[in-house]
Structure formats: C-alpha cells, structure tokens
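Residue numbers 1 to 381, in our numbering, belong to the letters of the sequence shown in order.
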Amino acid sequence: MKRLTLLVVGCLLLAVAPVRALDNGLALTPPMGWNSWNKFGCDINEKLIREAADAVVSTGMKDAGYQYVVIDDCWQVSRDAQGNIVPSPEHFPSGMKALGDYVHAKGLKFGIYSDAGTATCQGRPGSRGYEFQDARQYAAWGVDYLKYDWCNSGTQEVKSSYKTMSDALKASGRPIVFSLCEWGVESPWKWAAEIGNLWRTTDDITDCWSCTGDGVGVMQILDIEAGIAEAAGPGHWNDPDMLEVGNPGLSLEESRAHFSLWCMLAAPLMAGNDLRNMPAEIREILTNKEVIAVNQDPLGRQAGKHRDYGDVEIWAKELSGNSMAYAALNRGDQPKAVSEYLGPVKRVRDLWKHQDVTLADGYFRATLAPHSVVMLKVTNE
Ligand code: GLA
Numbered sequence: 001m002k003r004l005t006l007l008v009v010g011c012l013l014l015a016v017a018p019v020r021a022l023d024n025g026l027a028l029t030p031p032m033g034w035n036s037w038n039k040f041g042c043d044i045n046e047k048l049i050r051e052a053a054d055a056v057v058s059t060g061m062k063d064a065g066y067q068y069v070v071i072d073d074c075w076q077v078s079r080d081a082q083g084n085i086v087p088s089p090e091h092f093p094s095g096m097k098a099l100g101d102y103v104h105a106k107g108l109k110f111g112i113y114s115d116a117g118t119a120t121c122q123g124r125p126g127s128r129g130y131e132f133q134d135a136r137q138y139a140a141w142g143v144d145y146l147k148y149d150w151c152n153s154g155t156q157e158v159k160s161s162y163k164t165m166s167d168a169l170k171a172s173g174r175p176i177v178f179s180l181c182e183w184g185v186e187s188p189w190k191w192a193a194e195i196g197n198l199w200r201t202t203d204d205i206t207d208c209w210s211c212t213g214d215g216v217g218v219m220q221i222l223d224i225e226a227g228i229a230e231a232a233g234p235g236h237w238n239d240p241d242m243l244e245v246g247n248p249g250l251s252l253e254e255s256r257a258h259f260s261l262w263c264m265l266a267a268p269l270m271a272g273n274d275l276r277n278m279p280a281e282i283r284e285i286l287t288n289k290e291v292i293a294v295n296q297d298p299l300g301r302q303a304g305k306h307r308d309y310g311d312v313e314i315w316a317k318e319l320s321g322n323s324m325a326y327a328a329l330n331r332g333d334q335p336k337a338v339s340e341y342l343g344p345v346k347r348v349r350d351l352w353k354h355q356d357v358t359l360a361d362g363y364f365r366a367t368l369a370p371h372s373v374v375m376l377k378v379t380n381e
C-alpha cells in the first residue's frame with residue numbers, strides 16, 4: 001500500500017503545474033451550495049429562492065457545509081436609462097438587495113448569474129460593455145458569488161472577456177467567488193486559475209447516467225475530468241457542472257454514485273434539485289459528512305483514475321493526514337465483483353456504510369451493483 005500511495009502521490013505531484021492562481025482568498029475548498037437552474041430553469045422567483053434558502057438550513061445542508069444560494073439565468077429583464085441591470089419586477093418585486101439580505105440572515109451566501117456576451121443563454125441582457133457597472137451593482141446587492149456564462153459572445157476573445165469581469169469584481173471591493181462557465185470550449189483548465197475560482201469543463205449536465213445529445217450524462221463528464229486533475233487546487237477548481245442528485249433521470253444508486261464521484265473530483269457541490277420536498281434518501285446523500293469531507297479536504301487534490309478494469313474503475317484521491325480516498329465504480333449494467341489490494345493499512349472506512357472494513361489478506365472485496373460506487377477512506381500506517 002505504501003508503494004501504491006507513493007506512486008499515486010508522486011504522479012499527482014509531478015502533474016501539478018505551477019499556476020499563478022487568482023489571489024482573492026476565496027473557495028479554498030470547493031464551493032458548496034444550491035443553484036436554481038437544473039431543476040427550475042427560467043421558472044424562478046423570489047419566493048422560490050427564499051424557500052430554497054430556508055430549506056438549505058432546515059434540511060441540515062447548511063450544517064453539512066452548503067453555503068451559496070445561487071440564482072441562475074432569467075432573473076434580469078432589461079437595463080434602465082443609466083444602464084443599470086433591472087431584475088424582473090414581476091418575479092423579484094422586492095429587489096435583489098432584499099433577497100440577498102434574506103439569504104444572509106440565514107447565515108448563507110448569495111449568488112447570481114450573468115453572461116460575458118451581449119445576452120445570456122436565455123436572451124436576457126448580458127454584461128458585455130457593462131462589466132464594472134454590473135460588478136458594482138452586485139456588490140451593492142451583497143452578492144458573494146457570480147456565475148458568468150458564455151452565450152452570445154460572438155467574436156469576443158475568451159480569456160480577456162473573463163479577465164475584464166474578474167478585474168471588475170476585484171474593483172468592486174467585495175469578495176465575490178468567480179465561476180467561469182464557457183463549457184470547457186477553450187480548455188479553461190489551462191488558463192483560468194488566474195482569473196476565477198472555478199471553471200466549467202463540459203457541456204451542460206443532464207440527469208442521466210450515460211447519454212449525449214441535449215446535455216451530457218454523468219459518465220461522459222467523468223471521462224473528461226480524468227485528464228485534467230492537475231489543474232485543480234485550493235482557490236481554483238475544475239467544475240464538472242452542478243449536481244443532478246435527486247432529479248428524476250437518476251436512480252437512487254446513480255445519484256449516490258454521481259455525488260461520490262463529484263466529491264472525489266474535488267468538484268464544486270452545487271445541489272440542483274428541489275430542496276423543499278426531497279426524499280430522506282436524497283437528503284442523506286447530499287448531507288453525508290464523511291463523503292463531503294473527502295470533497296472538502298484541505299489539500300485540494302482532484303482524484304485521478306487509478307485502475308481501469310473496463311466497467312469497473314478505481315479512482316484515487318490523496319487526502320491530508322496520510323490518507324487516501326478510493327471510489328470503486330461500476331459503470332455497467334450488470335453487477336461486478338471487485339478485488340483490490342490495499343493493505344497493509346491502518347484503517348479502512350466505508351464512507352456510505354459508515355463502518356470500518358476488515359481487509360482479507362490486504363484485499364478489499366465487494367460486489368458492485370450496476371451504476372454504483374463504493375467509497376473508502378484508507379488511512380496508512
Ligand atoms: C448555460 C449554462 C447552464 C445554465 C444556462 C442558463 O447553458 O451552461 O449551466 O446557466 O446557460 O441559461
């Protein structure tokens with residue numbers, strides 16, 4: 001096991017390229033929160049956002065580490081004569097400052113969405129040409145997190161477009177997490193760390209295990225993440241998109257696997273379901289503190305694919321405290337046996353069963369259900 005750990009650690013260290021990361025002191029572990037888009041799309045209003053904030057607290061998600069309540073596309077309708085962005089008076093009649101105050105009063109943080117182009121993906125006003133004015137406005141509303149999209153950007157140069165908003169946020173004087181969303185088109189893992197705190201790496205996620213077309217599935221996103229782990233670290237994260245945990249296209253087992261993998265990937269954990277009426281089993285997934293601790297580990301390493309046995313893959317993530325997390329994944333439609341040599345090690349913990357595991361001659365053996373993950377924390381001698 002020692003040799004294995006050294007090998008994995010060595011590979012990770014070799015692969016970590018020196019980056020001059022954005023120095024805003026934010027998102028030192030992957031940001032956690034809730035975002036309106038995956039479940040509600042444009043069907044949003046201030047009542048929903050307030051109820052989502054209430055639910056983050058009442059479901060125990062706040063206690064588990066979720067902080068940011070983010071309003072995605074469709075809150076904005078126009079600009080006034082001075083060029084100020086105008087929230088929908090119909091859907092947000094109390095205004096964004098009041099909504100931010102409500103979220104803050106819950107001990108949570110407030111997030112919002114805009115676009116680097118002339119219009120958002122849903123055709124609402126974008127920030128092109130208004131970056132500094134918008135950033136000042138967000139700061140005045142108490143915004144703590146900005147997701148910044150890439151629709152209707154025409155011939156704009158991607159890096160300078162995102163840099164302009166990054167500079168604008170800095171000039172606003174308010175600490176605001178900056179989330180780039182250009183879908184991985186221009187390989188942001190190569191250049192975005194000095195501009196923002198996280199960057200989308202793929203097309204939009206959809207609530208399916210494996211699919212392409214109108215959005216991509218959990219497995220398609222996982223495959224993209226395999227090659228870019230070295231770009232992630234404290235303050236700068238690959239973003240494989242928001243969670244679909246609890247949305248109808250995923251089974252319970254798939255939701256659990258999706259959540260496990262995103263935790264292994266040191267991904268931002270932005271819940272994307274309706275928190276107000278989620279079943280207990282979904283709440284248990286989203287609030288599993290042992291699994292979340294892997295995601296939030298202060299070393300900030302992103303898991304790499306450690307073994308590939310076809311349908312079965314073993315992913316490994318270095319943790320602080322001389323520990324490793326392993327996820328054994330069955331991508332396939334049939335149950336699969338896994339037998340992986342781990343020992344001798346001090347302690348092996350099953351993070352879903354919440355119990356210690358006894359190895360047999362140093363081997364971890366299990367049968368993996370289809371589309372499932374077993375997640376282990378291994379503490380070495
Ligand atoms: C893009 C983004 C999504 C969402 C929508 C909103 O598709 O990638 O995450 O923000 O826009 O229109």
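Where a beta carbon is used, it is the ideal one built from N, C-alpha and C, also for glycine. These figures come from a predicted structure and were not determined experimentally.
Q. Can we say the segment 89-108 touches the segment 34-49, given the rule of at least three CB pairs closer than 8 Å?
A. yes
Q.
Nearest by alpha-carbon distance to I228: which of P268, A303 and E284 is it?
A. Numbered from 1 along the sequence shown, position 228 holds the residue referred to as residue 228. Selected option, being the one with the closest Cα: A303.
Q | Own chain, CB closer than 7 Å to E225, minus 5 neighbours either side, in chain order | A | Working through the sequence shown from its first residue, we reach residue 225 at position 225. Answer for E225: T201, N238, P240 and L265, listed in chain order.
Q: Taking only heavy atoms of the ligand GLA into account, decide whether any of them is closer than 7 Å to the Cβ of T212.
A: Within the sequence shown, numbered from 1, the residue matching residue 212 stands at position 212. Answer for T212: no, Cβ out of range of the ligand GLA.
Q. Any idea if Y363 is buried or exposed, counting beta-carbon neighbours within 10 angstroms, 16 or more meaning buried?
A. What you label residue 363 is simply residue 363 of the sequence shown in a count that begins at 1. That one is exposed.
Q: Taking only runs that begin and end inside the segment 64-140, name each unbroken beta strand (DSSP E) of 3 or more residues, in chain order.
A: 68-70, 76-79, 85-87 and 109-115
Q. Three or more C-beta pairs closer than 8 Å, one from the segment 238-258 and one from the segment 29-38: is that the case here?
A. yes
Q. Are P335 and L198 closer than 8 Å when you measure CB to CB?
A. Taking the first residue of the sequence shown as 1, we reach residue 335 at position 335. Taking the first residue of the sequence shown as 1, we reach residue 198 at position 198. Not closer than 8 Å, so no.
Q) Taking C-alpha atoms, which residue in W150, R124 and A135 lies nearest to G184? A) Position 184 of the sequence shown holds residue 184. Out of W150, R124 and A135, W150 has the C-alpha closest to the C-alpha of G184.
Q) Hey, quick one: how far does the alpha helix (DSSP H) through V185 stretch, first residue to last? A) Within the sequence shown, residue 185 is the residue found at index 185, counting from 1. No alpha helix (DSSP H) contains V185, which DSSP labels as neither H nor E.
Q. Under three-state DSSP, which class holds N35?
A. By 1-based counting over the sequence shown, the position of residue 35 is 35. Here N35 sits in strand by DSSP.
Q) DSSP on A193, reduced to helix/strand/coil? A) Reading the sequence shown from its first residue, position 193 is the one you call residue 193. Helix, per DSSP.
Q | Whole alpha helix (DSSP H) elements within the segment 241-273, 4-residue minimum | A | 252-264
(Q) Quick check on S166: does DSSP put it in helix, strand or coil? (A) Numbered from its first residue, the sequence shown carries residue 166 at position 166. In the structure shown, S166 sits in a helix (DSSP, three-state: H, G or I).
Q | Helix, strand or coil at R147 [DSSP, three-state] | A | On the sequence shown, residue 147 is found 147 positions in, with the first residue counted as 1. Looking at the sequence shown, residue 147 is not Arg but Lys. Strand at K147.
Q.
Run through the DSSP bridge pairs and tell me what N238 is partnered with.
A. Here residue 238 corresponds to residue number 238 of the sequence shown, with the count starting at 1. Looking at the DSSP assignment, N238 forms a beta bridge with W199.
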